[in-house]
Amino acid sequence: MVDYHEANSQLQQSNHGDYMQPEEDWDRDLLLDPAWERQQRKTFTAWCNSHLRKAGTQIEVIEEDFRDGLKLMLLLEVISGERLPKPERGKMRVHKINNVNKALDFIASKGVKLVSIGAEEIVDGNVKMTLGMIWTIILRFAIQDISVEETSAKEGLLLWCQRKTAPYKNVNVQNFHISWKDGLAFNALIHRHRPELIDYDKLRKDDPLTNLNNAFEVAETHLDIPKMLDAEDIVGTLRPDEKAIMTYVSCYYHAFSGAQKAETAANRICKVLAVNQENEHLMEDYEKLASDLLEWIRQTKPWLENREPEKTMQAMQQKLEDFRDYRRVHKPPKVQEKCQLEINFNTLQTKLRLSNRPAFMPSEGKMVSDINNAWQGLEQAEKGYEEWLLNEIRRLERLDHLAEKFRQKATIHEDWTKDKEAMLTQKDYETATLADIKALLKKHEAFESDLAAHQDRVEQIAAIAQELNDLDYFDSPNVNARCQTICDHWDTLGSLTQSRRDALERTEKLQETIDQLYLEYAKRAAPFNNWMEGAMEDLQDMFIVHTTEEIQGLIAAHEQFKATLPDADKEREAILGIHNEMMKIAQSYNIKLSGVNPYTSITSQSINDKWDKVQQFVPARDQALQAEFNKQQSNEHLREQFANKANVVGPWIQTKMQEIGRISIEMHGTLEDQLNQLKQYESSIINYKPNIEKLEQDHQLIQEALIFDNKHTNYTMEHIRVGWEQLLTTIARTINEIENQILTRDAKGISQDQLNEFRSSFNHFDKDHTGKLGPEEFKACLISLGYDVGNDQQGEAEFARIMSIVAPNNTEEVSFQAFIDFMSRETTDTDTAEQVMASFKILAGDKSYITAEELRRELPPDQAEYCIARMAPYRGPDAVPGALDYMSFSTALYGESDL
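Each residue of the sequence shown is one higher than the last, beginning at 45 in my numbering.
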């Protein structure tokens, strides 16, 4: 005897469905409910006929037509595909019992424990036992083999329904009774697999009869699923019969199971192709970004290498301003692009490793190392360009100062030499008296003294002109011409002076009378006059200084000069006293003077006038020196202001660089926690940027003030900029490493505990905290994780194999990312070329080739065209026109290692 309820209970318990337990008791209580019995009769009868019609027969009344056992045995042969023992054709009760027992024995041979169901009850037409037997057959042959995500039977069927109807509104499948009353779940199953058969949006939840009839009619007409229930029976029952619903739904499952396999195979191929397409997009993006960056460097570097000097300070200042714009505006985005390029390259390589793809090799000249080399060349040119600009500005500043000094001294000299040639060439001594001759001779001696005093100025003019030539002054030809004119004229004056002296000395014997007072006046007035002219020249002389010490030196020299003024004033009064004495003697002796000193052109009035000018120039010089002193104090303040900030920002950047290295080793928690911690740390660094900008502003003020040195700090703005860029790049790279570890963990299915264990082992043997392990450190780490890499021959061979994986470029150092990649390959599994090949074989219907039509039918349009464009024609013996080789395509996706 087979117990129908116990068989049902055993099957449900084998599926571990906790929700089934209370329903079992309800089934026992309501088994004989008339509505349920009517639903089971219709459903089970339709289910049996759906199989019996394959043998050309059917049943009308389920408890009557199975009594002789003949159609029961035929049903089992159809659904199992096996032959049962030959039935007995007699019409006696014993023959019927024997036939039913043969059917029950076959059911029992399939692993179903029959309790409480006997052949006699079936032969007698017992409705309860007949329905129980048919339910047992349905469970065994229609439901038990259903499997979804390692679940089976009832739970698997329910999970399949939930998955398929999840996207549909008003559908919530939780069981096999009331969840199906409104008919939407049946329609959703059909629409999910055959959307062209049902307009789901027109169905209403409040019209269950229409919904149920629509689903049943469509299933019978288009899906070859017989109508097993009436819509009125389901709607009119408080709780539809679960077994009837399960039987009906199982037919839907089997009708769509073939489409499910194709969908699974298509999903696998879509997944692999999506990864390949994404990687190709990343490669294209890298190539474009690398090309753009290299092109920008190629265009910018010649500009930085151009050393063609400008002729004016204004033009060089404009070059400096253009360079500042390059530093502030043009370069920072390119620094970010370079950093992003490295991040994209590392992310792409990580994704390729995770998907078992060959490593990405950029086009020639576009490797990260090539870009770094080009960038270093750019920065070297940039550094040299800035130094050249500053040196050129200093040179032009020096040239402007020298040129102005040359013009000033040349003008003074030319003013002095004016009419001197005419004076030296006149023949006045030929008609002069002896006294006049002697006077002319003395006057000439004074002139020679004056001429000798001006020799130093001429040498200064020549020295300045030579220095302007050495410094490549743009107006050197005019300077040289003027200097040559002055020198030639000076030589002429020397020759004329000597000629006049010779003439005077020839007539000196005839001229002996001389006015000693005039002579003494002339001798003392000339040096004093030269001293006043030199003093006026010095008081008006331009000066250029760069420090407060230099201006203080000029101020001290000026104070020393002022200290000599009282003595100079005494000398002036003494010279004027000589003049007054001459006038007194002339009045006393009634001597008629010519009104001019025969020995000098320097009058007392000119001495007083020049003395007055000296007195005026002294306070003006005081003001000029004080203004320059104030300017140098302001410059010193700018130096100190910049130094105070630079001495804070520089150590801060160095400290942050050290902290990043320490944090990357000492961080704990999940990778997401570490990533959040690093991003918060990155935010704190970015928030520090206003301090860098303030320092840039101070640096600009210093450059505008033409301050070229700063003794208060060892940090230059270039040091700060390079450190800041390195800090941003380092934190970005550290964050990228954590993101790549997350990608590795998620793609490889590594747990957080495993990742923490890997990190702990790695850090334990990273004694010097460099973030990398040497060969011996890495070997010790592997031994601690259970790898046999000892000192014997086999262990050394295994260690060499592992090192070739984690350090393929013979770097002799193993990074944590390489360590994680190795451990993930050792502990997880990924898609392989064989799996992708098997998926294509399913889509191809077990053929050795696939056609474009099959790809377009089973895959999304973009991925189908992707495969068609890349698959080679199939050349096998069974090839047909248009056949494509999916096998070589599958191996090519994973590189030569899988061939």
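We put the CB at the ideal spot given by N, CA and C, even for glycine.
- In the three-state scheme derived from DSSP, where H, G and I count as helix and E and B as strand, Ser892 is classed as coil.
- Taking C-alpha positions only, Asp444 is separated from Asn522 by approximately 14 angstroms.
- Fully enclosed alpha helix (DSSP H) runs of no fewer than 4 residues occupy 171-182 and 197-209 of the stretch 166-220, in order along the chain.
- DSSP, read as helix, strand or coil, puts Val105 in coil.
- Fully enclosed beta strand (DSSP E) runs of no fewer than 3 residues are not present anywhere in the stretch 564-652.
- Looking at the DSSP output, Asp112 shares a beta bridge with no other residue.
- Across the structure, Gly621 and Arg544 are spaced so that their CA atoms are roughly 31 angstroms apart.
- In terms of Cβ geometry, Ala454 and Ile341 do not form a close pair [threshold 9 angstroms].
- Around His266, the same chain offers Arg238 and Leu241 as residues with beta carbons nearer than 8 angstroms, after the five sequence neighbours per side are excluded.
- Taking a contact as a CB-CB distance under 8 angstroms, the pair Asn691 and Thr774 does not count as one, their CB atoms being some 22 angstroms apart.
- A residue is called buried once 16 or more other Cβ atoms fall within 10 Å of its Cβ, and Gly113 is buried on that count.
- Bounds of any beta strand (DSSP E) do not take in Leu826; it lies within the alpha helix (DSSP H) bounded by Pro819 to Ser828.
- Nearest C-alpha to Thr391 among Ile782, Gly818, Lys225 and Ile849: Ile782.
- Scanning Trp224, Ile786, Asp906 and Gln698 for the CA closest to the CA of Ala275 turns up Trp224.
- Under the Cβ criterion (8 angstroms, minimum of three pairs), the stretch 671-679 does not count as touching the stretch 494-504.
- Shown here for Asn573: same chain residues with a beta carbon closer than 6 angstroms to its own, the five before and five after excluded, namely Ile646 in chain order.
- Relative to Ser124, the option among Lys98, Ile599 and Asn143 whose CA is nearest is Lys98.
- Going by DSSP, Asp929 is part of no alpha helix (DSSP H) but of the beta strand (DSSP E) stretching over Ala927 to Asp929.
- The Cβ atoms of Arg236 and Asn320 do not sit closer than 9 angstroms to each other.
- Contact check for Ala483 against Tyr562 passes: the beta carbons are separated by less than 9 angstroms.
- Going by C-alpha positions, Pro376 is about 19 angstroms away from Lys363.
- Under the three-state reduction of DSSP, Pro917 is assigned to strand.
- DSSP places Lys486 in the helix class (H, G or I) of the three-state scheme.
- Under the 8 angstroms Cβ criterion, the stretch 134-142 counts as touching the stretch 155-168, having at least three qualifying pairs.
- Residue burial annotation: Gln676 is buried, with at least 16 other C-beta atoms found within 10 angstroms of its C-beta.
- Following the DSSP letters along the chain, one finds Tyr725 inside the alpha helix (DSSP H) bounded by residues Leu715 to Ile730.
- As the crow flies, the alpha-carbon of Thr608 is around 49 angstroms from that of Glu352.
- In this structure, Ile794 is the residue among Ser932, Ile794 and Ile456 with its C-alpha nearest to the C-alpha of Arg869.
- Ser94 sits in a helix when the DSSP states are folded into three classes.
- Counting the other Cβ atoms within 10 Å of the Cβ of Ile588 gives fewer than 16, which makes it exposed.
- For Val262, the enclosing alpha helix (DSSP H) stretches over residues Pro252 to His266.
- Under a 10 Å Cβ-count criterion, Glu365 is classified as exposed, with fewer than 16 other Cβ atoms of the shown protein chains found around its own Cβ.
- In the three-state scheme derived from DSSP, where H, G and I count as helix and E and B as strand, Val858 is classed as strand.
- If you draw a 10 Å sphere on the C-beta of Ile849, you find fewer than 16 other C-beta atoms in it, and that means exposed.
- Following the DSSP letters along the chain, one finds Ser804 inside the alpha helix (DSSP H) bounded by residues Gln796 to Phe809.
- Gln188 sits buried, since 16 or more C-beta atoms from the chains shown fall within 10 Å of its C-beta.
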